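Asker:
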Amino acid sequence: MGLMGLRGRKVVPQRTPGELDAMAVAGALVASALAAVRQAAAPGVSTAALDEVAESVIRDGGGMPSFLGYHGYPASICASVNDRVVHGIPSAEEILAPGDLVSIDCGAIVDGWHGDSAITFGVGTLIPVDEALSQATKEAMEAGASAMVPGNRLTDVSHAIETATRAAEKRYGRKFGIVDGYGGHGIGRQMHMDPFLPNEGAPGRGPHLAVGSVLAIEPMLTLGTTKTVVLEDEWTVVTADGSRAAHWEHTVAVTEDGPRILTQ
């Protein structure tokens, strides 16, 4: 006992190559569920119907939905439309309309390992500013994933996300809000594990990244405020000013050969 102090520097928890392969099985199932949801999303379709699509794909693929029952959450996906940022509960009463901006977050468990991913898309054609918001968020996620290399530290990923967001602002000619208080996380045998990953901040801080370290990287951007409100259902997070939001997420591992996306 008492050896913990000898471990020296803190490292984001590592998985073996075999464990990463197992996580990638769960991640591939999440990717399939998200692709099916995107294909099913159309004007007149309810978000509850999308939830049924995702749950069917996950169960048919030998997995379990990780969101369903998580702290009492009642569905297999989060469906966050327009000003909803995250944790939108699917509903038979919520009917998609042309031009809606839809974020779908989904998780699956296979053999005890978790995959977690999110996408944003439009119902039909998006207006340019909404398309820019989704693209900027995706680019920020990809920049964060690119920072998942040995020798970096946790907030090097945060800084990469923030830097990509600011670069997107210049390219698209408008400001984006980085949502306060929400971010990525460790993942493995549980969906949410330490450390918490901020979506902005100075580089060079926090635990180190090493081969096998895994993080769920998930920027959330808005067309306005960084502030949010939780609705009376105690789940749904909306922008405080009613502006639209986007959310992209991948589960990403550090390997000797570069970042490995586990949710594709």
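Residues in the sequence shown are numbered from 92 upward in steps of one, following the numbering used here.
Every residue, glycine too, gets a C-beta built ideally from N, C-alpha and C.
Quantities reported herein were computed from a predicted structural model and do not represent experimental measurements.
#1: Within 10 angstroms of the Cβ of L300, are there 16 or more other Cβ atoms? Answer buried if so, exposed if not.
#2: Please report the straight-line C-alpha distance between G277 and L125, rounded to a whole angstrom.
#3: Have a look at P189 and G215 and give me their C-alpha separation to the nearest angstrom.
#4: Roughly how many angstroms separate the alpha carbons of G109 and A115, rounded to a whole number?
#5: Would you check if the segment 266-273 and the segment 306-318 touch, i.e. whether three or more CB-CB distances between them fall below 8 Å?
#6: List in chain order: all unbroken alpha helix (DSSP H) runs of 4+ residues lying wholly within the segment 235-294.
#7: Can you say whether E309 is buried or exposed, counting buried as having 16 or more other CB atoms within 10 angstroms of its CB?
#8: Suppose the cutoff is 8 Å on Cβ atoms and the five residues either side in sequence are ignored; what does the same chain contact list for A131 look like?
#9: If you draw a straight line from the C-alpha of A238 to the C-alpha of I210, how long is it?
#10: With DSSP collapsed to three states, give me the class of I200.
#11: Which same chain residues end up closer than 7 Å to V329 when comparing Cβ atoms and leaving out the 5 residues on each side of it in sequence?
#12: Which of helix, strand or coil does DSSP assign to S123?
#13: Express the C-alpha separation of V345 and D247 in angstroms, rounding to a whole number.
#14: Select from D207, N290, P241 the residue whose C-alpha is nearest the C-alpha of V102.
#15: Between the C-alpha atoms of M282 and H338, what's the straight-line distance to the nearest angstrom?
#16: In the DSSP assignment, what residue or residues form a beta bridge with L312?
#17: Let me check understanding here. Comparing Cα to Cα, which of I186, N243, P156, V148 lies closest to G297?
Answerer: Looking at the atomic coordinates:
#1: Under the 10 Å beta carbon count, L300 is surrounded by 16 or more other beta carbons and is classified as buried.
#2: Straight-line spacing of the CA atoms in G277 and L125 works out to 21 Å.
#3: Cα-Cα distance, rounded: 6 Å.
#4: Near 10 Å, if we compare the C-alpha coordinates of A115 and G109.
#5: Contact between the segment 306-318 and the segment 266-273 is established, with three or more Cβ pairs separated by less than 8 Å.
#6: Inside the segment 235-294, DSSP marks whole alpha helix (DSSP H) runs of 4 or more residues at positions 245-263, from first to last along the chain.
#7: With 16 or more other Cβ atoms within 10 Å, it is buried.
#8: For A131, where only same-chain residues beyond five positions count, the Cβ hits under 8 Å are A140, L141, V144.
#9: Going by the C-alpha atoms only, they are around 20 Å apart.
#10: Secondary structure at I200: strand, using DSSP grouped into helix, strand and coil.
#11: The beta carbon of V329 sits closer than 7 Å to the beta carbons of D174, R175, V176, T319, V320, L322 from its chain, once the five residues preceding and following it are set aside; these are given in chain order.
#12: Looking at S123 - three-state DSSP - the assignment turns out to be helix.
#13: Computed Cα separation, rounded: 13 Å.
#14: The candidate whose alpha carbon is nearest that of V102 is P241.
#15: Answer to the nearest angstrom: the Cα atoms are 17 Å apart.
#16: DSSP links L312 through a beta bridge to I269, A337.
#17: When each option's Cα is compared against that of G297, the closest is N243.
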